[in-house]
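Asker: The structure's right below; bear with me while I get my questions together.
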Amino acid sequence: MASNSKTLSFEEVSKHNHKKDCWIIVNEKVYDITPFLYDHPGGDEVLLTATAKDATIDFEDVGHSDSAIEMMEKYFIGKFETSTLPAKVNHRQPSPTQAHSGGNESSEFVVKILQFLLPLLILGLVFALQSYGKNKDAAPHES
Numbered sequence: 001m002a003s004n005s006k007t008l009s010f011e012e013v014s015k016h017n018h019k020k021d022c023w024i025i026v027n028e029k030v031y032d033i034t035p036f037l038y039d040h041p042g043g044d045e046v047l048l049t050a051t052a053k054d055a056t057i058d059f060e061d062v063g064h065s066d067s068a069i070e071m072m073e074k075y076f077i078g079k080f081e082t083s084t085l086p087a088k089v090n091h092r093q094p095s096p097t098q099a100h101s102g103g104n105e106s107s108e109f110v111v112k113i114l115q116f117l118l119p120l121l122i123l124g125l126v127f128a129l130q131s132y133g134k135n136k137d138a139a140p141h142e143s
């Protein structure tokens, strides 16, 4: 890693978000991973979805090996200026306040209905199979 590395803003890094020019942000460092896209074991799409955001959590969730982390250093191009990261850039799941909106009540209702209906459906199926078995045994056998 060069000691005189430049500091890059989110605006500049986010422009490099396609197969022919791909930069990512991991642990406050910027990497030009364009030459590595086709060699990445997870495929190039995984890396492309990590552009235009701080990909640190995505990177750490995968659990990369020490050799993979060492390999990244050859793609290092600069430090990331964290103060330039927009607050609205969030490619993760909605926050808990959004996830527990009014739609949650209807799904709870559906679960309760299924908890009631599923045992009745199973009981009806058992009864139908039992009746079918008795009817089959009662039918005269042809010789």
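Heads up, the sequence shown is in the UniProt record's numbering, so the first residue is 1 and it goes up one at a time. For glycine and all other residues, C-beta sits at the position ideal for the given N, C-alpha and C. Please read all numbers here as calculations on a predicted model, not as lab measurements.
1. Would you mind giving the Cβ-Cβ distance between S14 and A50, rounded to the nearest angstrom? I have them listed as a contact below 8 Å.
2. When the Cβ atoms of the segment 77-88 are set against those of the segment 28-47, are three or more pairs found closer than 8 Å?
3. Could you work out which residue in E11, S5, H18 is closest to A87 when comparing CA atoms only?
4. Expressed to the nearest angstrom, what Euclidean distance is found between the alpha-carbon atoms of L47 and I24?
5. Does the CB of T82 have a neighbour CB from chain D at under 8 Å?
6. With DSSP run on the structure shown, which of helix, strand or coil describes K15?
7. With 16 other CB atoms within 10 Å as the buried threshold, where does L8 fall?
8. Quick check on the burial criterion: 16 or more other C-beta atoms within 10 angstroms. Buried or exposed for F127?
9. Among all the DSSP beta bridges, which residues are the ones paired with V30?
Answerer: Reading from the atomic positions:
1. Position 14 of the sequence shown holds residue 14. Position 50 of the sequence shown holds residue 50. Not confirmed; about 12 Å, so no contact.
2. yes
3. Residue 87 sits at position 87 when you count from the first residue of the sequence shown. It is E11 whose Cα lies nearest to the Cα of A87.
4. Stepping through the sequence shown from its first residue, residue 47 is reached at position 47. Stepping through the sequence shown from its first residue, residue 24 is reached at position 24. One C-alpha to the other measures close to 8 Å.
5. Structure shown: chain D not included; a single protein chain is present.
6. In the sequence shown, residue 15 corresponds to position 15, counting from 1. Reduced to three states, the DSSP call for K15 is coil.
7. Taking the sequence shown and counting its residues from 1, the one referred to as residue 8 is at position 8. Answer is buried; the Cβ neighbour count reaches 16.
8. Reading the sequence shown from its first residue, position 127 is the one you call residue 127. Result: exposed.
9. Residue mapping note: residue 30 aligns to position 30 of the sequence shown, counting from 1. BP columns for V30 point to I25, G78.
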